[in-house]
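Residue numbers (this note's numbering): 5 to 266.
Just so it is clear, CB atoms sit at the ideal spot from N, CA and C, and this is done for glycine as well.
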Amino acid sequence: EAAVEAALHTARRLAEESVAQCRAIGEHGLPLLEAIAEKKGGEPVHILTHCNAGWLACIDYGTATAPIYLAHRRGIPVHVWVDETRPRNQGARLTCFELAEEGVPHTLIADNTGGHLLQHGRVDLVLVGSDRTTRTGDVANKIGTYLKALAAHDNGVPFYVALPSSSIDFSLKDGLREIPIEQRSPDEVKTIQGLGKNGLETVLLAPENSPAANFAFDVTPARLVTALITERGLCAASEDSLLALFAEKRGQTSRREGRRAL
């Protein structure tokens with residue numbers, strides 16, 4: 005019984021910390037949306053997001069959604085383009101659900117639509133979360149994030165990453181070389197699950213004997229990231245900027261540097 009109570013106490017403390025961090029991320033990201041809204045003179049700020057980095061993932065506010073929710077609650081007109089995020093469809097299933105619950109205007113799009121929208125000036129900024137970020141600002145996130153960053157860069161649209169400090173791995177320096185990319189079941193690519201008359205149903209999308217690859221994440225190089233939005237504020241996606249914001253990490257050696265030292 006004491007162990008259960010201790011576990012619950014720890015869980016509540018971690019939940020409260022997550023709420024505070026996400027709220028701070030939202031407050032630091034909000035001025036970005038306010039500045040765009042002021043320039044647009046009442047027209048909605050159009051945001052493109054990928055996967056789910058909302059309150060279903062991080063309590064109450066989420067990371068990438070925190071600035072959006074705060075803007076919406078303060079009367080700033082926003083509209084979110086939501087990538088479906090195949091193959092697990094976290095954007096369609098989770099982010100759309102969240103935004104609908106919050107009353108935030110949004111539109112679900114196929115994953116390959118983002119580039120077209122960016123080309124035609126229908127996105128003001130891209131805002132995503134991060135599963136793991138290196139000390140140099142490389143960002144590992146849901147597969148497809150890198151393509152959005154490339155398209156945003158090519159069209160001069162800012163690409164922001166919202167993340168708590170717990171997602172920054174100061175022991176890593178090179179995201180492409182040091183972050184392993186999980187490969188999941190090929191069945192996720194070859195099938196799709198949806199709500200049918202008899203509940204959840206799974207249907208085959210491709211020939212049963214066709215092989216499939218299912219990489220779960222990709223790495224966006226720091227050069228494509230406009231800025232990182234953390235609970236301590238905004239910073240460039242660079243080692244110097246991150247260490248200026250998190251000075252207590254200055255003495256932490258990256259794994260590659262550590263191996264060379266040995």
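Quiz prompt | C-beta atoms of E235 and P168 nearer than 7 Å | solution = Yes, the Cβ-Cβ distance between E235 and P168 is below 7 Å.
Quiz item: Which class does K201 belong to by DSSP, given the choice of helix, strand or coil?
Solution: The DSSP-derived three-state label of K201 is coil.
Quiz prompt | For L34 and L74, the rounded distance between their alpha carbons | solution = When only Cα atoms are considered, L74 and L34 end up about 7 Å apart.
Quiz item: Which residue spans inside the segment 76–162 form an unbroken alpha helix (DSSP H) run of at least 4?
Solution: Counting only runs of 4 or more, we get 100–106, 118–123 and 149–158.
Quiz item: What span of residues does the alpha helix (DSSP H) with G179 cover, start to end?
Solution: Under the DSSP assignment, G179 falls in the alpha helix (DSSP H) whose first and last residues are G179 to E182.
Quiz item: If you compare alpha carbons, which of A24, Y164 and V108 is closest to N145?
Solution: Among A24, Y164 and V108, the Cα nearest to that of N145 belongs to Y164.
Quiz item: On the three-state DSSP scale, how would you describe Y1?
Solution: Not covered by the structure: residue 1. The range shown for the chain is 5 to 266.
Quiz item: Could you give the residue range of the beta strand (DSSP E) that holds G30?
Solution: That residue, G30, is in no beta strand (DSSP E); its alpha helix (DSSP H) goes A6 to K44.
Self-check item: For L228, the first and last residue of its enclosing beta strand (DSSP E)
Solution: DSSP places L228 in no beta strand (DSSP E); its state is neither H nor E.
Practice problem: Leaving out five residues on either side along the sequence, give the residues of the same chain with a beta carbon under 6 Å from the beta carbon of A28. | Solution: Closer than 6 Å at the Cβ level, and outside the excluded window around A28, lie E235.
Quiz item: How many angstroms separate the CA atom of G262 from the CA atom of R139?
Solution: Its pLDDT being 45, under 50, G262 is placed unreliably in this model, and the value from its coordinates should be taken loosely. When rounded, the distance between both Cα atoms is 14 Å.
Exercise. Thinking L121 and L52 are a contact (beta carbons under 8 Å), I'd like their distance in whole angstroms, please.
Key: Sure, about 7 Å apart at Cβ, within 8 Å.
Quiz item: Cβ atoms of V130 and K152: under 7 Å apart, would you say?
Solution: Yes, the Cβ-Cβ distance between K152 and V130 is below 7 Å.
Practice problem: Give me the Cβ distance between I185 and A155, rounded to the nearest whole Å; I'm assuming they're in contact under 8 Å. | Solution: The pair is not a contact, with the Cβ atoms about 21 Å apart (cut-off 8 Å).
Self-check item: Rounded C-alpha distance that separates A193 from A248
Solution: Here residue 193 turns out to be Val, not Ala, going by the sequence shown. Taking the straight line from one Cα to the other gives about 42 Å.
Quiz prompt | First and last residue of the uninterrupted beta strand (DSSP E) at L238 | solution = Taken as a continuous stretch (DSSP letters only), the beta strand (DSSP E) holding L238 covers G237 to C239.
Practice problem: Determine the extent of the alpha helix (DSSP H) in which L52 is found, giving its start and end residues. | Solution: From DSSP, L52 is part of no alpha helix (DSSP H) but of the beta strand (DSSP E) over V49 to T53.
Quiz item: Can you tell which of V108, A96, N93 and R97 has the C-alpha that lies nearest to the C-alpha of P71?
Solution: Here the closest residue by C-alpha is V108.
Quiz item: When we look at the beta-carbon of Q187 and count the other beta-carbons within 10 Å, is it buried (16 or more) or exposed?
Solution: Exposed, since its Cβ has fewer than 16 Cβ neighbours within 10 Å.
Self-check item: N-terminal and C-terminal residue of the beta strand (DSSP E) that D222 is part of
Solution: It spans F221 to T224 - the beta strand (DSSP E) in which D222 sits, taken as one unbroken run.
Quiz item: Do you know offhand how far L246's Cα is from A226's?
Solution: C-alpha of L246 to C-alpha of A226: approximately 12 Å in a straight line.
Quiz prompt | Residue of S22, V229 and P91 minimising C-alpha distance to D64 | solution = Among S22, V229 and P91, the Cα nearest to that of D64 belongs to S22.
Quiz prompt | Where L246 sits in the DSSP three-state scheme | solution = In this structure, L246 counts as helix in the three-state DSSP scheme.
Practice problem: Please check if any C-beta of chain D sits within less than 7 Å of the C-beta of P109. | Solution: In summary, chain D is missing from the structure at hand, where a single protein chain is found.
Quiz item: Which residue or residues does DSSP assign as beta-bridge partners of T67?
Solution: Residue pairing by DSSP leaves T67 without any beta bridge partner.
Self-check item: Same chain, Cβ closer than 8 Å to G46, five either side skipped, listed in chain order
Solution: The residues are P81.
Quiz item: Among R97, S171, G255 and S134, which residue has its Cα nearest to the Cα of T224?
Solution: Checking every option, the nearest Cα to that of T224 belongs to S134.
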